[in-house]
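Contents: one structure, followed by commentary.
Protein chains in written order, with the working numbering: chain L, 48 to 456; chain E, 475 to 820.
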């Protein structure tokens, strides 16, 4: 045994090296072949905006008549140096969202500072990792910094719920580009404003769109076990009414990648569409496995899957999927500028962050100097942005908040 | 609130837990085939748990991470071969695809095998030298599992310039598109399922022969039975331990390739955990320490958990798997085939 082990290992090593060399040399010869065949005749898929809908699922034409507010509006503006804070996940598993928001806001602030030499506004970033507990540690620092007169954030609903009272007490404007839990505006906070539709709008709107516009008569609502997925599935199911087929309301687990039984259940029901209430990490393999087992029903999902990662991982199975989002699409010019500055395409909530930062900047240009002034400015604001018209009700919700339907094309 | 008064009626009307034998009957064969596919993957991973237990009386909880590293090995090999992840299936023709799969298989086996041996060297051998109690090994195994996960999560993307590892699952490289080949009683069997089940059977058979009919296998069985006597008879215990980890790792690497064929978007730092627990349960189900028990347990668990999902609802999969485990252990505390690598009967 002792003698033969090295020999065996040696033989194995030679074999492996030989194979590796063979593999490497074959790479160059058919490299072109493989990359050509990989595309399979389809151009790279991406998530494209399709239509803006109201809570009846009917299309709302985008009103292009107004001019979106420009952060570089007033070149002669004069102001004392002030700071806007941004709080959200900048590291950790959900960092992508926070970075989308930070980049969007940075774009607005840079445009403003370049145009107005006598009014330089700084942005300070505060990383919460999207974690309510971390956010409570960060919040006092933000409140204690006297140069900060407005806050863009917090980014997520959980952390907003946790630290909202702190900002409210300090009278610091809290303008969120992404926290969509409907209950946040029911706390009586006078400093909290939401720059997009909340979750209570999304579910019914998308359900109505599926029934009224896409004319689905039988939909399987599949949910994961997160708060988000469970809540969304409830709203979608009640919104769909008779169209929701209870025989195929499969439930999956976050972190899971094998969905055979759920797929089988859906396959049995032969629905017109599958609505997936959950995140892209499970949504992408679920969509692939549905497609692979021959399910032809349309795949519909919401903002949890509205992420380039969904398309990356599901590949062709993502084609034609409908993904809703309270977030607005990026206009071409914005996308170009964003790409040039950050060498990546704008993501979900980048446009909202740009719009909301712009609103604060316009306030500063108009002479707002302190926290109370900025809250007043936002409360009375009425103007167009890149994504939508911004005018708030006294609760902090937008007067008119609509949902966008995107499609993978 | 009325549900408090009528608990019985609540259970019947509440859709939370269903009972639908019809769904099982309708899809019996489709579920069986899917179950066998996953079951054979569980079985291959389970061998790693069972062999190490047989030789060291150690539950190597980090084995699920060896499997996960195997997936990254497979993926990395494909990247080195010049494949670019696109999410869409490549179409290379059968001979080339088999060759690429073979190379990826070897890549996965090398990565998983060396990491298993490395893990043994770094984490377990020093403890063994100092004669640490078995609880310390267990904690070390759990710790090693975290270390490997977080390595892939945070360090690997920095080392590979973001190509491997990180928060998100790897963008899939699909070498094989599933194609229906034939059908059994109305359930279609795809090429991927055939490849997975057949390869797993071949590997299982080869492992069984290796343990039962070669000199190395005899060494492993000898150390499992009685380490002291085996050492006196001239069997190097350290070498046997290394070999055991190597076999477990290599099989986990093979399982990793098969798994990524079936679930191409499952390559993520956390992707080994659930599968590892299933494979461990399979090993216990069949009788831990028993090679054939691990294989049988894997297949059984794979099939039963899909039947359970069809009957009780998809969210009950893990519950069904573990209820089955508890039921079996109630009547056969040492598993279906009994705990036996350490006994004379293998």
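Heads up, the beta-carbon is just placed ideally off N, CA and C, and yes, glycines get one too.
Can residue 297 of chain L be considered in contact with the ligand ADP, in the sense that its beta carbon sits closer than 8 Å to one or more heavy atoms? This structure simply doesn't include the ligand ADP, nor any ligand for that matter.
What span of residues does the alpha helix (DSSP H) with residue 515 of chain E cover, start to end? 502–530
I'd like to check one pair, residue 360 of chain L with residue 331 of chain L: are the Cβ atoms closer than 9 Å? yes
Classification of residue 257 of chain L by the beta-carbon crowding that lies within 10 angstroms, buried from 16 upward: buried
Can you name the residues of chain E whose CB is closer than 9 Å to the CB of residue 158 of chain L? Ordered by position in chain E, no residue passes the 9 Å Cβ test against residue 158 of chain L, which lies about 29 Å from the chain.
Do residue 132 of chain L and residue 170 of chain L come within 9 Å of each other at the CB atom, strictly closer than that value? yes
Could you check the C-alpha separation between residue 298 of chain L and residue 292 of chain L for me, to the nearest Å? 13 Å
Which residue from L:412, L:250, L:427 and L:445 puts its Cα closest to that of residue 119 of chain L? L:412
Taking the straight line between their C-alpha atoms, what separation do you get for residue 803 of chain E and residue 813 of chain E? 12 Å
Excluding the five sequence neighbours on either side, which residues of its own chain have a C-beta within less than 7 Å of the C-beta of residue 718 of chain E, listed in chain order? 525, 526, 529 and 694
Report the neighbours of residue 549 of chain E on chain L: residues whose CB is nearer than 9 Å to its CB, in chain order. By Cβ distance, chain L contributes nothing, its closest Cβ being about 13 Å from residue 549 of chain E, past 9 Å.
Where does residue 439 of chain L fall in DSSP's three states? strand
Just to check my reading of the structure: residue 272 of chain L and residue 233 of chain L have Cβ atoms closer than 8 Å, yes? What is that Cβ distance to the nearest angstrom? Their Cβ separation, rounded to whole angstroms, is 25 Å, which puts residue 272 of chain L and residue 233 of chain L out of contact at 8 Å.
Report buried or exposed for residue 778 of chain E, applying the criterion of at least 16 other Cβ atoms within 10 angstroms of its Cβ. buried
Enumerate in chain order the residues of its own chain whose CB-to-CB distance from residue 147 of chain L is below 8 Å, with the five nearest sequence positions on each side excluded. 393, 394, 395, 396, 397 and 400
Alpha carbon to alpha carbon, how far is residue 327 of chain L from residue 422 of chain L? Give it in angstroms, no decimals. 36 Å
Kindly give me the distance between the Cβ atoms of residue 453 of chain L and residue 406 of chain L, rounded to whole angstroms, as I take these residues to be in contact under 8 Å. Incorrect: roughly 25 Å between the Cβ atoms, too far for contact.
Output yes or no for whether 9 Å exceeds the beta carbon distance between residue 469 of chain L and residue 353 of chain L. Within the shown structure, residues of chain L are numbered from 48 to 456, placing residue 469 of chain L beyond reach of any answer.
I want to verify the contact list: residues of chain L whose CB lies under 8 Å from the CB of residue 787 of chain E, in sequence order. 297 and 298
Helix, strand or coil at residue 424 of chain L according to DSSP, with G and I counted as helix: helix
Among L:308, L:231, L:363 and L:265, which one has its Cα closest to the Cα of residue 787 of chain E? L:308
Own chain partners of residue 74 of chain L with C-beta closer than 7 Å, once the 5 adjacent residues on each side are dropped: With a pLDDT of 37 at residue 74 of chain L, under the threshold of 50, the predicted position of this residue should be treated as unreliable, though the coordinate-derived value follows. Closer than 7 Å at the Cβ level, and outside the excluded window around residue 74 of chain L, lies no residue.
With a threshold of 9 Å between beta-carbons, can residue 700 of chain E be considered close to chain L, or not? no
From what residue to what residue does the alpha helix (DSSP H) around residue 397 of chain L run? 397–412
Using beta carbons (cut-off 9 Å, strictly below), is residue 791 of chain E in contact with chain L? yes
Residues in its own chain within less than 6 Å of residue 145 of chain L by CB, not counting five upstream and five downstream? 135, 136, 137 and 202
Cβ neighbour criterion (16 or more within 10 Å) applied to residue 100 of chain L: buried
Quick one: what's got a C-beta closer than 7 Å to residue 252 of chain L's C-beta in the same chain, skipping five residues either side? 100, 101, 102, 104 and 450
Return the CA-CA distance between residue 756 of chain E and residue 536 of chain E, expressed in angstroms with no decimal places. 16 Å
Run through chain E and tell me which residues come within less than 7 Å of residue 178 of chain L, C-beta to C-beta. What residue 178 of chain L touches in chain E: nothing, since even the nearest Cβ is about 15 Å away.
DSSP-derived helix/strand/coil call for residue 208 of chain L: helix
Report yes if the C-beta distance between residue 209 of chain L and residue 179 of chain L is below 9 Å; otherwise report no. yes
Residues within the segment 366–389 of chain L neighbouring chain E, beta-carbon criterion of under 8 Å: none
Of all the beta strand (DSSP E) runs that stay within the bounds of the segment 220–302 of chain L, which reach a length of 3 or more residues? 220–223, 239–241 and 266–270
Does any residue of chain E bring its CB to less than 9 Å from the CB of residue 346 of chain L? no
In the DSSP assignment, the beta strand (DSSP E) including residue 369 of chain L goes from what residue to what residue? 369–372
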